[in-house]
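A.B. asks: In my numbering, the protein residues as written are -15 to 95.
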């Protein structure tokens, strides 16, 4: 018996995988970390208390590598919803990553 890798934590009930999905790569959170957590059994489709998915958090964070990793792990990708989130989310516009994320989503949705 070990720790529950899908346990919810924090004020929003994020899983460990969702927390890593949310933390910027500049702070040490990478797609490789997501892959390790998935190998340990973390569910890439576990919603937090606000019904957000890890792939949605990576999308608004502008991290294409993490979005790609989650898709490769079997994350449910609602492409129209993700594209809409990327189109209107202020965090992407302010960071200058909106166009790159939209291109990423277009590319991934056609695979």
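Where a beta carbon is used, it is the ideal one built from N, C-alpha and C, also for glycine. Computed from a predicted structure; not experimentally measured.
Rounded to whole angstroms, how far is the Cβ of residue 43 from the Cβ of residue 69, which I believe are closer than 8 Å?
C.D. replies: Right, the Cβ-Cβ distance comes to about 6 Å (below 8 Å), so this counts as a contact.
A.B. asks: Can the beta-carbon of residue 15 be found less than 7 Å from the beta-carbon of residue 50?
C.D. replies: The answer is yes: Cβ separation under 7 Å.
A.B. asks: Tell me the residue span of the alpha helix (DSSP H) that contains residue 89.
C.D. replies: Residue 89 -> alpha helix (DSSP H) spans 82 to 93.
A.B. asks: Span of the alpha helix (DSSP H) holding residue 52?
C.D. replies: Where residue 52 is concerned, the enclosing alpha helix (DSSP H) stretches over 48 to 56.
A.B. asks: Are the beta-carbon atoms belonging to residue 6 and residue 41 less than 7 Å from one another?
C.D. replies: A contact, by the Cβ cut-off of 7 Å.
A.B. asks: Does DSSP put residue -2 in a helix, in a strand, or in coil?
C.D. replies: Strand, per DSSP.
A.B. asks: Counting along the chain, where does the alpha helix (DSSP H) carrying residue 43 start and finish?
C.D. replies: First-last of the alpha helix (DSSP H) with residue 43: 38 to 45.
A.B. asks: Once DSSP output is grouped into helix, strand and coil, what is the label at residue 23?
C.D. replies: Three-state result, residue 23: helix.
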